[in-house]
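Visitor: Sequence lines, in order, name chains A and B.
So that you can map any letter, position 152 of the first sequence is 150 in my numbering, and since no number is skipped, the others follow by simple counting.
Adding 143 to a residue's 1-based position in the second sequence gives its number in my numbering.
Don't be surprised by glycine CBs; every beta carbon is placed ideally from N, CA and C.
Note that this is a predicted model, so its numbers are computed, not measured.
Quick one: this structure, given as structure tokens, is what I'll be asking you about.
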Amino acid sequence: MKNKNKQTKFPVARIKRIMQKDEEVGKVAQATPIVISKALELFLGLIIEEANKVTADRGSKKVEAYHLKHAVENVDMLDFLKEIVEAVPDPSAGGTIDLNAESTEKEKKRRGKGKRAEGGGPSAPRKRRRKAGKEEEEEEEGPEPEADNTYDNGNGKQNVDDEEWDG
Amino acid sequence: MSDHEGHGGAAPGTDDDLSLPKATVAKMIAELLPNDVACAKETRDLVIECCVEFIHLISSEANEICEQESKKTIAPEHIIAALKRLGFETFTEEVEDVLKDHKQQVKEREKKVGKLEASGLTEEELLRQQEELFAASRAKFQSTQQ
Chain A
-1 MKNKNKQTKF PVARIKRIMQ KDEEVGKVAQ ATPIVISKAL ELFLGLIIEE
49 ANKVTADRGS KKVEAYHLKH AVENVDMLDF LKEIVEAVPD PSAGGTIDLN
99 AESTEKEKKR RGKGKRAEGG GPSAPRKRRR KAGKEEEEEE EGPEPEADNT
149 YDNGNGKQNV DDEEWDG
Chain B
144 MSDHEGHGGA APGTDDDLSL PKATVAKMIA ELLPNDVACA KETRDLVIEC
194 CVEFIHLISS EANEICEQES KKTIAPEHII AALKRLGFET FTEEVEDVLK
244 DHKQQVKERE KKVGKLEASG LTEEELLRQQ EELFAASRAK FQSTQQ
């Protein structure tokens, strides 16, 4: 049973500390963080509302990070958030190769071992890898490509143990 | 002003980890979304980052406005002006209401203090009366224990 009374509030002292992290900010009146708390509430309402619109548009029941990203791109008021959401990958882009530095590094690691590119070559069976959830999804969803032995270790076998197994 | 930030996450340790409590934000998000829609954990964390960024944005702007007025303390009025400058005019009405309420509460608190002073009781008298009340409730408590 959800409580829609909206009694939950942001911690005022925490807001003040966050404000004062900025060296330029000096003294802050007691009422100020209280006022910011309200503005923050409204702001939260705004981004959640906008993100939810994207969620609904896509027929989803879960607000994903890239829904938020799209919302930021759609709404002028949220321009200042563009950098923060920049790193969020858009799944409709297909692969995750080179989308950001992180996944590139991981790709390099993989290529080093089994010389397999994402989505190409004899695809490995599902493995638990220590990487972001989204990439894992990609791999599991990827269809088994045609038996193209160009990428494997020369024996056409699917290497199960060869890859990084972080356990 | 003691502030019990009860949450299951990390304690507010170093300044660099300064963020908003995850549980609080998760609850607020749940209150905002329709009953059949959930929020991914990743999204919630991202939202928290956005909120912190918003605080910095407003504070920075308000600080400038404050300096322009040759004031040293950032007042709520500076926040409201900052909101307008940054394109958040739609927020100002409710924010001004909160400010009004707060000022009202402060006034009432001051009035209460005034009442106490006007009661003619010295601080010692008041302390004694307080002790009596404590003793009475202690006794009541102990009797219910038996």
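1) If distances are taken between C-alpha atoms only, which option among A:S35, A:R12, A:Q18 and A:P9 comes closest to B:L242?
2) Using a Cβ-Cβ cut-off of 8 Å, state whether A:G57 counts as contacting chain B.
3) Could you pull the start and end residues of the alpha helix (DSSP H) that B:T265 belongs to?
4) Output yes if chain A places a C-beta closer than 8 Å to the C-beta of B:G257; else output no.
5) Using a Cβ cut-off of 7 Å, which residues of the stretch 157 to 171 of chain B contact any Cβ in chain A, in chain order?
6) Assuming contact is defined by CB atoms lying nearer than 8 Å, are A:H65 and A:V52 in contact in what I supplied?
7) With distances taken from CA atoms, which of A:L42, A:G43 and A:A69 is nearest A:D55?
8) Using a Cβ-Cβ distance cut-off of 8 Å, determine whether A:A29 contacts chain B.
9) Which of the three DSSP states, helix, strand or coil, is assigned to B:A181?
10) Just mark A:L38 as buried or exposed, buried being the case when its beta carbon has 16 or more other beta carbons within 10 Å.
11) Quick one: list the residues of chain A neighbouring B:S203, beta-carbon separation under 8 Å, in chain order.
12) With 16 other CB atoms within 10 Å as the buried threshold, where does A:K7 fall?
13) Report the three-state DSSP secondary structure of A:K59 (helix, strand or coil).
14) Where DSSP assigns a beta bridge to A:V26, which residues make up the other side?
15) Should A:E48 go down as buried or exposed, given a rule of 16 or more other Cβ atoms within 10 Å for buried?
16) Please report whether the beta-carbon of A:P9 lies at a distance below 8 Å from any beta-carbon of chain B.
17) For A:F41 and B:K258, I'd like the C-alpha separation in whole angstroms.
Guide: The answer reads as follows:
1) A:S35
2) By this cut-off, A:G57 is not an interface position.
3) Careful: B:T265 lies outside any alpha helix (DSSP H) and carries neither H nor E.
4) no
5) The stretch 157 to 171 of chain B vs chain A, Cβ under 7 Å: D158, L161, L163, P164, T167, K170 and M171.
6) Yes, these two residues count as a Cβ contact at 8 Å.
7) A:A69
8) yes
9) strand
10) buried
11) By Cβ distance, chain A contributes D20, E22 and V23.
12) exposed
13) coil
14) B:I217
15) Buried, because 16 or more other Cβ atoms sit within 10 Å of the Cβ of A:E48.
16) yes
17) 40 Å
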